[in-house]
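To start, the structure itself, in structure tokens.
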Amino acid sequence: MIEFIQGKIDQLTPGTAVIETKGGVGYLLNISLYTYSAIQGKEEVRLWVHEAIREDAYVLYGFADRQEREQFLLLISVSGIGGGSARMIQSAFSPQELQDIISSGNDKLLKQVKGIGLKTAQRIIVDLKDKIGISAAETGVTASAPKGTASSEVMESAISALVMLGFQQGASAKVVQAILKNTPDAKVETVIKQALKQL
43 MIEFIQGKID
53 QLTPGTAVIE
63 TKGGVGYLLN
73 ISLYTYSAIQ
83 GKEEVRLWVH
93 EAIREDAYVL
103 YGFADRQERE
113 QFLLLISVSG
123 IGGGSARMIQ
133 SAFSPQELQD
143 IISSGNDKLL
153 KQVKGIGLKT
163 AQRIIVDLKD
173 KIGISAAETG
183 VTASAPKGTA
193 SSEVMESAIS
203 ALVMLGFQQG
213 ASAKVVQAIL
223 KNTPDAKVET
233 VIKQALKQL
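Add 42 to the 1-based position in the sequence shown for the numbering used here, that's all there is to it.
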């Protein structure tokens, strides 16, 4: 069982990170937008890992802190929530936001995430309300804002991330362009968060 992977960031997108360890091995990890924001701009990182081993695939999920991983494990314990849906939820909300949403029973906000209907949102809240109690402040990790990038780079990264999360490229491009037209200085994670609520 892999607990964490530590090394240099070889490749980084809003949906994946390739971490090269000291042994020269590169690990591809699926990450959320929260983790992307937290590690962007760093040379060396430690990502906490969840291994999803299936008959047809071996997938690694990486997390900026233990709390995010714990929330991911709680989410996938809910019937009907797989790794992709859990990552989508964690890309839409920070760990603290997600904790507040579940604790307050805000199913309307939760069902704004693609693929999460009202019944699934309510099931998440019922199943996890008493389990999701760790405060994000306790982890000591805050998401760092990305460095300033050109609008075209933000657009490209945002569209790429949305396609990776399962959205169609045409629809993603249209929404991202509209967001950047209204807020041209928006950071890539802000654009993706807004797009997730509109797609």
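Ideal placement from N, C-alpha and C gives every residue a C-beta, glycine not left out.
The structure displayed is predicted, hence computed values, not measured ones.
A straight-line Cα-Cα distance of about 22 Å links alanine 200 and leucine 140. By the CB criterion at 8 Å, serine 133 and leucine 207 fall inside the cutoff. Glycine 122: not part of any beta strand (DSSP E); DSSP gives it neither H nor E. Secondary structure at glutamine 53: strand, using DSSP grouped into helix, strand and coil.
The Cβ neighbour count for asparagine 72, taken over all protein chains shown within 10 Å, is at least 16; the residue is labelled buried. The residue from Lys223, Val196, Glu112, Asp169 with its alpha-carbon nearest to that of lysine 229 is Val196.
Annotation: the continuous beta strand (DSSP E) that includes arginine 88 extends over 86-95. Residues of the same chain with a CB within less than 6 Å of the CB of glutamine 240, apart from the 5 flanking positions on each side, are Val217 in chain order. Setting aside the 5 residues that flank it on each side, phenylalanine 46 is surrounded in the same chain by Arg88, Leu89, Trp90, Val91, each with a C-beta closer than 8 Å to its C-beta; the list follows chain order. Around the CB of glycine 159, fewer than 16 other CB atoms lie within 10 Å, so the residue is classed as exposed.
The straight-line gap separating the alpha-carbon atoms of isoleucine 167 and phenylalanine 114 is approximately 14 Å. Classified as exposed, alanine 94 has fewer than 16 neighbouring CB atoms from the shown chains inside 10 Å of its CB. DSSP, read as helix, strand or coil, puts leucine 222 in helix. The DSSP-derived three-state label of threonine 162 is helix. Going by C-alpha positions, valine 233 is about 7 Å away from isoleucine 221. Ser74 is the residue among Ser74, Lys50, Ser127 whose C-alpha sits nearest the C-alpha of glycine 104.
Restricting attention to Thr63, Thr58, Pro56, Ile44, the CA atom closest to the CA of lysine 50 is found in Thr63. Taking arginine 108 as reference, the option from Tyr100, Gly124, Thr77, Ala215 with the minimal CA-CA separation is Thr77. Apart from sequence neighbours up to five positions away, the residues of its chain that approach threonine 55 with a beta-carbon distance below 8 Å are Tyr78, Ser199, Ser202, Ala203, Met206, ordered along the chain.
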